[in-house]
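**Student:** Please read through the structure below; I'll follow up with questions.
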Amino acid sequence: MKDHYVVIGYGDVGRAVVEVIRGKTELVIVDRDEEKLKKARLPHIVGDGVEEETLDLAGVRNARMVIILLEKDTDTIFATLLVRSMNPHAVILARANTVEGIEQIYRAGADFVAALPIVAGQMLAKLVTGADTLEDVVKLCEGIEILKHTVGDGSPMVGKSLVDLDIRFKTGCTVIGIKRGEDVIVEIEPSTRIEAGDVLAVIGDEEQVERFKEMFGDLRGS
């Protein structure tokens, strides 16, 4: 399997996320509870999400996105470190169970950390699918935002691929979705080219967002 999503942790939040992703993209679930995984009726690996062998079996090295939803921040930090070392290019989304864990999980290599366990499932599900987040600026947790950027006709982004623009390296922001007409594209390739009228869903912290604005314009769009 390649360019798939891996969900590590299949508790209440994990199930909420999987229900939204189900049928929209290929995914593999990782959890220690075999009975819960059988009920999911989806590809899964029974094992510990903090073990490299388990992550290898789930295809983390070739995954497009890895969503880490473990119950202990210490496990989340370790899993994030492992995933990032195995796949430098994957987008990593993680849940922090305490506010104190947010910064450590970011340092471990996560692109986005949801710090509110009660609503994390809903937030992460919307983030993964691109639903709703393209319509409004949404505060998801301390210092992290999902914003929309409408690409104008005269934008320097038009006609260029994401690898050409190198947004992540230049600004720290990550493009997680593109709304093009009636379609929402969530399977973002480095070769994906930006067209005039596209609405980009971008995540980043305040400083990263400011850099994006300076380079590409006001994220509020038109």
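The sequence shown begins at 95 in our numbering and counts up by one. A virtual CB, placed ideally from N, CA and C, is assigned to each residue, including glycine. This structure is a prediction, so every number in the text was calculated from the model and none was measured.
(1) Kindly indicate which three-state DSSP category T244 falls into: helix, strand or coil?
(2) In chain order, what residues of the same chain lie with their CB nearer than 8 Å to the CB of D121, ignoring the 5 residues before and after it?
(3) Let me know the secondary structure DSSP gives K86 once reduced to three states.
(4) For Y99, which beta-bridge partners are listed by DSSP?
(5) For V160, tell me which candidate among V293, L294, P182, K132 has the shortest Cα-Cα distance.
(6) State the CB to CB distance for the pair A184 and A157, rounded to an integer number of angstroms; the pair is presumed to be in contact (CB under 8 Å).
(7) Taking Cβ positions, are I272 and I282 nearer each other than 8 Å?
(8) With DSSP collapsed to three states, give me the class of D299.
(9) Going by DSSP, what residue range makes up the alpha helix (DSSP H) through R109?
**Tutor:** Let me spell this out:
(1) Three-state DSSP puts T244 in a strand.
(2) Asp is not the amino acid found at residue 121; the sequence shown has Leu there. Take L121, set aside five residues on each side of it, and the residues of its chain with a beta-carbon closer than 8 Å to its own are H98, Y99, V100, V101, V112, I115, L136, P137, in chain order.
(3) Past the boundaries of the shown model lies residue 86; the chain is included only from 95 to 316, so the question cannot be answered.
(4) Listed as beta-bridge partners of Y99 by DSSP are L121, M159.
(5) Closest option to V160, Cα to Cα, is P182.
(6) Contact between A184 and A157 holds: their C-beta atoms lie close to 5 Å from each other, under 8 Å.
(7) Between I272 and I282, the CB-CB gap stays under 8 Å.
(8) In the structure shown, D299 sits in a strand (DSSP, three-state: E or B).
(9) R109 -> alpha helix (DSSP H) spans 106 to 115.
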